[in-house]
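Residue numbers (our numbering): 0 to 177.
Worksheet: one structure, shown below.
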Amino acid sequence: MHRTRRPEPVPRTLLHALAFLFGVWLALLLWPHAAAASGEDASAPFAELEAEFHDEVNAVRAARHLIALRRLPEIDRIARAHSRDMANRRYLSHVTPEGRNPVDRLHAGGVSGFTLAAENAGMTTRHDPNREILQGWLHSDDHRHNLYAPPFNTTGIGVVQASDGTFYYTQLYVTLPR
Numbered sequence: 000m001h002r003t004r005r006p007e008p009v010p011r012t013l014l015h016a017l018a019f020l021f022g023v024w025l026a027l028l029l030w031p032h033a034a035a036a037s038g039e040d041a042s043a044p045f046a047e048l049e050a051e052f053h054d055e056v057n058a059v060r061a062a063r064h065l066i067a068l069r070r071l072p073e074i075d076r077i078a079r080a081h082s083r084d085m086a087n088r089r090y091l092s093h094v095t096p097e098g099r100n101p102v103d104r105l106h107a108g109g110v111s112g113f114t115l116a117a118e119n120a121g122m123t124t125r126h127d128p129n130r131e132i133l134q135g136w137l138h139s140d141d142h143r144h145n146l147y148a149p150p151f152n153t154t155g156i157g158v159v160q161a162s163d164g165t166f167y168y169t170q171l172y173v174t175l176p177r
């Protein structure tokens with residue numbers, strides 16, 4: 000009868016321990032890239048910028064005694080995908096070149112049950128993109144209307160930077176049952 004040797008559960012030499020630690024370090028180093036490749040956006044490159052923008056939008060709404068918009072990751076993913084598409088194909092529109100509008104994109108992204116939906120989109124090359132985009136939206140009747148619309152209670156925000164440095168912003172506004 001042939002016996003196979005079972006691997007040792009604990010490294011027995013310094014070389015084995017270093018090889019093990021290198022493997023763990025390499026796995027941790029590559030983990031965010033694997034998540035991005037699988038379509039996960041939890042570690043979005045501009046997640047902090049998006050969170051700050053969300054806070055700024057809610058502060059503007061609070062100044063008008065409106066409810067805060069709650070962010071949902073699935074709506075963030077849809078907004079981020081639209082910003083990424085605009086950045087990659089160099090356009091700025093609520094409708095893709097294929098004719099898909101915000102409602103189409105929400106449905107395709109698996110968001111349903113909403114009664115109202117709207118979208119703001121913008122682009123900037125300024126050093127303070129959140130300020131530039133928010134101020135631009137506040138000075139535009141249509142964008143301001145979406146920011147101040149009382150029925151909206153949920154949002155998704157996507158910020159992407161194109162290879163030329165331009166930031167593309169998409170914010171979806173949705174009314175979901177409470």
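Virtual Cβ for every residue (Gly too), placed ideally from N, Cα, C.
Nothing here was measured: the structure is a model prediction, and the numbers come from that model.
Assuming residue i contacts residue j under a Cβ cut-off of 8 Å, what Cβ separation, rounded to an integer in Å, is found between them?
i: Ala116; j: Leu171; result: 7 Å
i: Ala48; j: Phe151; result: Residue identity differs from the one stated: residue 48 is Leu in this sequence, not Ala. Not confirmed; about 21 Å, so no contact.
i: Thr153; j: Ile74; result: 7 Å
Do you know whose CA, among the options, lies nearest residue i's CA?
i: Leu133; options: Tyr167, Leu48, His126, Glu55; result: Glu55
i: Gly121; options: Pro96, Arg89, Leu105; result: Arg89
i: Gly112; options: Leu175, Phe45, Arg11, Glu47; result: Leu175
i: Thr165; options: His138, Arg177, Asn129; result: Asn129
i: Asp127; options: Arg76, Leu71, His64, Tyr167; result: Tyr167
Does residue i pass the burial test, meaning 16 or more other C-beta atoms within 10 Å, or should it be called exposed?
i: Leu14; result: exposed
i: Tyr147; result: exposed
i: Ala43; result: buried
i: Thr169; result: buried
i: Pro149; result: exposed
i: Ala34; result: Bear in mind that a pLDDT of 39 at Ala34, under 50, signals an unreliable position, so the number given afterwards is only what the model happens to contain. That one is exposed.
Under the DSSP definition of a beta bridge, which residues are partnered with residue i?
i: Ala117; result: Tyr172
i: Phe52; result: Looking at the DSSP assignment, Phe52 forms no beta bridge with any residue, so it has no partner.
i: Thr123; result: Phe166
i: Gln160; result: Phe166
Next on the checklist: Quick check: the region 77-86 against the region 150-170, are at least 3 beta-carbon pairs closer than 8 Å?
Outcome noted: They touch, by the three-pair rule.
Next on the checklist: Between the region 101-115 and the region 123-143, can you find at least three pairs of beta-carbon atoms closer than 8 Å?
Outcome noted: no
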